[in-house]
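In this text, residue positions in the sequence shown follow numbering that gives the first Met the number 0: the first is 0, and each later residue adds one. All C-beta atoms, glycine included, are put in the ideal place defined by N, C-alpha and C. These notes are about the structure you will find just below.
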Amino acid sequence: MKKRILSFLLAALSMANLFADEGMWPLTMVAKLQDPMQAKGLKLTAEDIYSINNASLKDAVVRLMQKSGRMFCTGEIISREGLFLTNHHCGYGAIQELSTPQDNILSNGFWAKNRSEERPANFNIGLLRKVEDVTDQVLNGIAINQDEAIRAKAVSDATAKLKSTLVDALGADKGNYVVEVVAFWGGNRFLAMYYEVYRDIRLVGTPPENVGKFGGETDNWRWPRHTCDFSMFRIYSDTANKPADMNANNKPYSPKKFFPISLKGTQHGDFAMIMGYPGRTTRYTYSEGVRYLGGKERPMRVQVRRDIMDVYEKYMKQDPTIRLMYSDKLAGLGNYWNKFNGEAGELSKPEMIEKRKNLEREFENWVKANNKQDVYGEVTSLYDEVYVSLNKYGLYPVYLQDGIANSQPMMFAMQFSALTRDAKNGKLGAEGINMAKMMQSGIDDMFKEFHAPIEKEVLASVIRHLYEDLDHANLPISLTDLVTKYKRDYKKLAEYLWKASIFTDKVKLQKFLASPNLGKLLKDPIYAIVTGYNGKLNGDLKPIFDQISAKKVRADRLFLSALSEMYPDKAMAPDANGTMRMTYGTVMNYDPKDGVHYKEFTTAKGYLEKFKAGDFEFDAPKNLLDLIRNKDYGQYADKDGELHTCFLTDNDITGGNSGSPVINGNGELIGTAFDGNWEAIASDFGFMPAVQRTISVDIRFTLFIMDKLGGASHLLDEMTIVK
Ligand code: ARG
0 MKKRILSFLL
10 AALSMANLFA
20 DEGMWPLTMV
30 AKLQDPMQAK
40 GLKLTAEDIY
50 SINNASLKDA
60 VVRLMQKSGR
70 MFCTGEIISR
80 EGLFLTNHHC
90 GYGAIQELST
100 PQDNILSNGF
110 WAKNRSEERP
120 ANFNIGLLRK
130 VEDVTDQVLN
140 GIAINQDEAI
150 RAKAVSDATA
160 KLKSTLVDAL
170 GADKGNYVVE
180 VVAFWGGNRF
190 LAMYYEVYRD
200 IRLVGTPPEN
210 VGKFGGETDN
220 WRWPRHTCDF
230 SMFRIYSDTA
240 NKPADMNANN
250 KPYSPKKFFP
260 ISLKGTQHGD
270 FAMIMGYPGR
280 TTRYTYSEGV
290 RYLGGKERPM
300 RVQVRRDIMD
310 VYEKYMKQDP
320 TIRLMYSDKL
330 AGLGNYWNKF
340 NGEAGELSKP
350 EMIEKRKNLE
360 REFENWVKAN
370 NKQDVYGEVT
380 SLYDEVYVSL
390 NKYGLYPVYL
400 QDGIANSQPM
410 MFAMQFSALT
420 RDAKNGKLGA
430 EGINMAKMMQ
440 SGIDDMFKEF
450 HAPIEKEVLA
460 SVIRHLYEDL
470 DHANLPISLT
480 DLVTKYKRDY
490 KKLAEYLWKA
500 SIFTDKVKLQ
510 KFLASPNLGK
520 LLKDPIYAIV
530 TGYNGKLNGD
540 LKPIFDQISA
550 KKVRADRLFL
560 SALSEMYPDK
570 AMAPDANGTM
580 RMTYGTVMNY
590 DPKDGVHYKE
600 FTTAKGYLEK
610 FKAGDFEFDA
620 PKNLLDLIRN
630 KDYGQYADKD
640 GELHTCFLTD
650 NDITGGNSGS
660 PVINGNGELI
670 GTAFDGNWEA
680 IASDFGFMPA
690 VQRTISVDIR
700 FTLFIMDKLG
710 GASHLLDEMT
720 IVK
């Protein structure tokens with residue numbers, strides 16, 4: 000009997016090991032997961048990972064934030080002197096900004112030999128200090144199916160009030176904190192997140208681009224992978240260890256916790272945990288939503304982006320200066336071009352939609368069987384209405400994001416519309432004139448990454464997409480008239496705009512700002528196009544989009560609430576929302592398709608296979624190839640004698656997790672997560688246990704590149720290395 004129980008237990012355990020667990024778990028749920036995690040090989044306790052009162056692993060995880068406050072990636076602290084690791088593609092923008100054609104550290108790589116050589120990086124980092132459930136405060140007295148407009152206003156008022164109370168309670172610290180009140184489960188729950196924001200961040204080192212981005216867009220989202228996607232920065236603080244503006248007297252920040260680094264490597268089936276900041280998932284998207292995204296929205300975005308990327312690449316390949324100038328823009332467009340392309344394919348598969356429909360039928364039956372019509376009866380029809388509208392109008396805002404926002408002259412014109420805010424009687428007001436004066440000093444910055452031949456072709460391409468893809472009835476006549484006049488010759492049209500508009504040239508804009516004039520602005524053809532487009536979105540189309548969003552918010556909230564009632568005992572993770580999450584799993588290979596097996600790791604041999612001298616994406620430094628040919632791996636070699644480069648785990652992550660620590664059962668760092676795989680490219684819409692994998696850089700590859708290629712072995716001294 001005993002034996003049978005034991006073998007049953009073992010079977011259950013190995014079953015647990017066979018199937019990956021869905022879930023980007025909020026920290027508040029980690030305590031409940033201790034048992035299944037320990038069953039997979041975790042040697043720590045839940046309290047070691049997330050503790051309310053003591054230092055825990057969460058204190059070594061950093062949130063990368065733009066100066067504007069927008070979060071974009073994750074990082075992990077790896078020394079008691081504030082050194083942290085993130086992806087190369089996360090540091091990319093900062094590294095590009097620090098590069099010039101004369102000192103091109105993006106292309107050549109860079110390692111500070113000492114603290115004084117570390118260079119100011121243009122972003123902040125946030126450290127999560129406190130999490131607080133504030134659902135009762137936010138939803139106080141608000142019923143679940145209250146009229147949507149009333150509810151939305153009550154929630155936003157309560158959130159704003161609460162936020163200022165929470166911030167005020169911080170007293171002297173408040174200038175250093177950002178408090179976010181974040182909706183979970185479609186607005187059925189709210190948590191307050193307290194971030195202490197450090198503002199003096201410096202670049203410590205980066206591999207050359209052809210290592211940090213080896214394989215480019217061709218390998219992006221793909222396995223087998225060899226990209227050494229990391230960069231290193233340091234957090235600086237004032238002498239009291241508090242955030243401070245950039246200042247030479249600041250000192251390295253001393254963290255509550257940092258990750259020791261394991262050189263022991265990984266084996267198939269080893270426990271692996273990832274902590275970080277996944278941005279957004281929509282796993283509960285309605286079936287018609289999946290159909291709309293897969294059949295229309297994603298394919299159109301792919302085309303708009305691809306056409307712009309083709310223009311960038313054509314010029315970037317001709318000239319290294321242009322390559323440096325447009326590198327960050329291309330990477331940003333390309334990453335989601337690639338992803339949307341994959342999603343378009345996956346989301347239009349009939350079984351994808353069928354799976355949703357099954358769940359929706361279950362939901363409807365449950366509503367009927369339990370007499371819940373008065374609370375949940377409207378969900379299905381709300382969703383249906385939302386997607387009928389989106390099919391008709393959905394591309395208008397999307398083309399603003401993916402089209403207009405990628406044309407610099409168009410965006411300049413958009414910015415300039417602020418000058419007209421206090422215009423009266425055909426003249427700019429005092430505020431507008433003052434603003435124009437202030438903008439004069441920013442003009443060099445505006446044109447810093449601007450290559451006229453590229454921008455002219457992009458402009459033609461964006462206008463072509465607007466006219467050819469959208470219903471003309473909802474386009475401004477400033478656009479349709481011009482296209483008709485030029486008989487859809489978009490090249491000629493762009494030539495005309497280039498000459499006629501002030502937004503295509505620095506000197507013209509300077510002249511305008513020196514003596515700003517409303518009449519001239521309003522007559523500008525690019526200005527007329529973008530403000531006309533915006534005018535439609537904020538005019539005729541506005542009530543339509545307000546309705547779409549109100550209905551969708553309501554349907555999502557009700558649907559998610561119903562699901563939690565339908566499955567009260569199921570541990571479910573809420574959609575990602577830019578808050579810290581933990582996901583656990585194991586080091587795991589997979590079969591991408593019938594007859595093909597992928598190993599769970601790659602080695603440096605792949606560099607020799609993929610290397611193409613002078614290629615845009617597959618070039619590599621000669622020194623690196625020599626090190627690999629000589630197998631000069633030092634302490635970074637695996638026991639099999641090879642240098643392991645990247646590896647796979649079955650953790651559940653998404654964009655925003657980039658740069659996240661991959662942690663073994665002892666709480667040591669084994670890698671840095673940087674990508675997902677092609678077969679699970681649509682994982683934001685549903686977890687795919689059999690094929691969904693996280694791609695990480697093996698920490699030994701990172702240290703090898705830092706030490707042997709970069710000559711920065713001095714940094715090892717401040718790390719804790721476990722051999
Ligand atoms: N696919 C990665 C992610 O979204 C980003 C990779 C960046 N590399 C690139 N070639 N664009 O997490």
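Taking C-beta to C-beta, are residue 511 and residue 412 nearer than 7 Å?
Contact check for residue 511 against residue 412 fails: the beta carbons are separated by 7 Å or more.
Contact check, residue 83 vs residue 61, beta carbons under 7 Å
Yes.
In whole angstroms, give me the CA-to-CA distance for residue 705 and residue 680.
Here the C-alpha atom of residue 705 lies approximately 31 Å from the C-alpha atom of residue 680.
May I have a chain-ordered list of the beta strand (DSSP E) segments no shorter than 3 residues that lie completely inside the region 213-284?
Within the region 213-284, the runs of beta strand (DSSP E) that reach at least 3 residues and sit entirely inside it are, in chain order, 230-236 and 270-275.
Spatial neighbours of residue 206 within its chain, please: CB distance less than 6 Å, with the 5 preceding and 5 following residues excluded, ordered by chain position.
Only 108, 227 and 704 meet the Cβ criterion.
Scan the region 406-447 and note each continuous alpha helix (DSSP H) run of 4 residues or more that stays entirely inside, going in chain order.
Inside the region 406-447, DSSP marks whole alpha helix (DSSP H) runs of 4 or more residues at positions 407-415, 429-439 and 442-445, from first to last along the chain.
Residue 464, enclosing alpha helix (DSSP H) - first and last residue
Counting along the chain, the alpha helix (DSSP H) containing residue 464 begins and ends at 451-468.
Taking 7 Å as the limit between beta carbons, can you name the residues of its chain near residue 656, skipping five residues before and five after?
The beta carbon of residue 656 is closer than 7 Å to those of 73, 273, 275, 276, 277 and 672 in its chain, skipping five residues each way along the sequence.
Residues that DSSP places opposite residue 70 in a beta bridge:
In the DSSP output, where bridge partners are listed per residue, residue 70 has 64.
Is the Cβ-Cβ distance between residue 378 and residue 183 less than 7 Å?
No.
Distance check for residue 127 and residue 688, CA to CA, integer angstroms please.
As the crow flies, the alpha-carbon of residue 688 is around 30 Å from that of residue 127.
Using the rule of at least 16 other Cβ atoms within 10 Å of the residue's Cβ for burial, across every protein chain shown, is residue 716 buried or exposed?
By the neighbour-count criterion, in which 16 or more other beta carbons inside 10 Å mark a residue as buried, residue 716 falls on the exposed side.
Among 356, 369 and 366, which one has its Cα closest to the Cα of residue 383?
When each option's Cα is compared against that of residue 383, the closest is 356.
Inter-residue spacing [alpha-carbon to alpha-carbon] between residue 56 and residue 255
In a straight line, the C-alpha of residue 56 is about 9 Å away from that of residue 255.
N-terminal and C-terminal residue of the beta strand (DSSP E) that residue 196 is part of:
188-197 is the extent of the beta strand (DSSP E) around residue 196.
For residue 4, which residues from the same chain have a beta carbon less than 7 Å from its beta carbon, with the 5 sequence-adjacent residues on both sides left out?
Unreliable positioning characterises residue 4 in this predicted model, as indicated by a pLDDT of 42, which lies under 50. The coordinate reading is nonetheless provided below. So no residue of the chain qualifies.
Please return the same chain residues whose Cβ sits closer than 6 Å to the Cβ of residue 665, not counting the five positions on each side in sequence.
Only residues of its own chain outside the window of five on either side were considered, and among them 42 have a CB closer than 6 Å to the CB of residue 665, listed in chain order.
Is DSSP giving residue 362 helix, strand or coil here?
Residue state, collapsed to three classes: helix.
Specify the secondary structure class of residue 105 as computed by DSSP and reduced to three states.
For residue 105, the three-state secondary structure derived from DSSP is helix.
Excluding the 5 residues preceding and the 5 following residue 404 in the sequence, name in chain order all residues of the same chain whose CB lies nearer than 7 Å to its CB.
Counting only residues of its own chain and dropping the five nearest sequence neighbours on each side, residue 404 has a CB closer than 7 Å to the CB of 410.
Quick check: the region 194-214 against the region 98-106, are there 3 or more CB pairs under 8 Å?
With the cut-off at 8 Å, the region 194-214 and the region 98-106 touch.
Could you pull the start and end residues of the alpha helix (DSSP H) that residue 555 belongs to?
Residue 555 -> alpha helix (DSSP H) spans 541-565.
Using only alpha-carbon positions, find the residue among 316, 299 and 700 that is nearest to residue 343.
Among 316, 299 and 700, the Cα nearest to that of residue 343 belongs to 299.
Count the C-beta pairs between the region 213-220 and the region 143-160 that are closer than 8 Å, then say yes if the count reaches three, no if not.
Output reads no: the region 143-160 does not touch the region 213-220.
Just curious, the beta strand (DSSP E) that residue 581 is in, first and last residue?
Taken as a continuous stretch (DSSP letters only), the beta strand (DSSP E) holding residue 581 covers 580-585.
Is there at least one non-hydrogen atom of the ligand ARG closer than 6 Å to the beta-carbon of residue 677?
The ligand ARG never approaches residue 677 closely enough for any of its heavy atoms to be under 6 Å from the residue's Cβ.
Say the cut is 6 Å; is the CB of residue 657 nearer than that to a heavy atom of the ligand ARG?
Inclusion of residue 657 in the 6 Å shell around the ligand ARG follows from its C-beta lying nearer than that to a non-hydrogen atom of the ligand.
As assigned by DSSP and simplified to three states, the class of residue 116:
In the structure shown, residue 116 sits in a helix (DSSP, three-state: H, G or I).
Is residue 668 buried or exposed, if buried means 16 or more other CB atoms sit within 10 Å of its CB?
Counting Cβ neighbours within 10 Å, residue 668 comes out buried, since at least 16 surround it.
Under 6 Å: does the beta carbon of residue 364 sit that close to some heavy atom of the ligand ARG?
No, the beta carbon of residue 364 sits no closer than 6 Å to any heavy atom of the ligand ARG.
Can you tell me whether DSSP reads residue 695 as helix, strand or coil?
The answer is strand: DSSP assigns residue 695 an E or B state.
Per DSSP, what are the beta-bridge partners of residue 528 in this structure?
Looking at the DSSP output, residue 528 shares a beta bridge with no other residue.
Once you ignore the five residues that flank residue 490 on each side, which residues in its own chain have a CB closer than 7 Å to its CB?
The answer, listed in chain order, is 459.
Quick one: does the C-beta of residue 534 sit closer than 6 Å to a heavy atom of the ligand ARG?
It does not: the Cβ of residue 534 is nowhere closer than 6 Å to a heavy atom of the ligand ARG.
Residue 341: beta carbon under 6 Å from a heavy atom of the ligand ARG?
It does not: the Cβ of residue 341 is nowhere closer than 6 Å to a heavy atom of the ligand ARG.
Tell me which residues share the same chain as residue 670 and place their Cβ nearer than 6 Å to its Cβ, disregarding the 5 neighbours each side in the sequence.
Hits under 6 Å: 661, 695, 696, 697 and 698.
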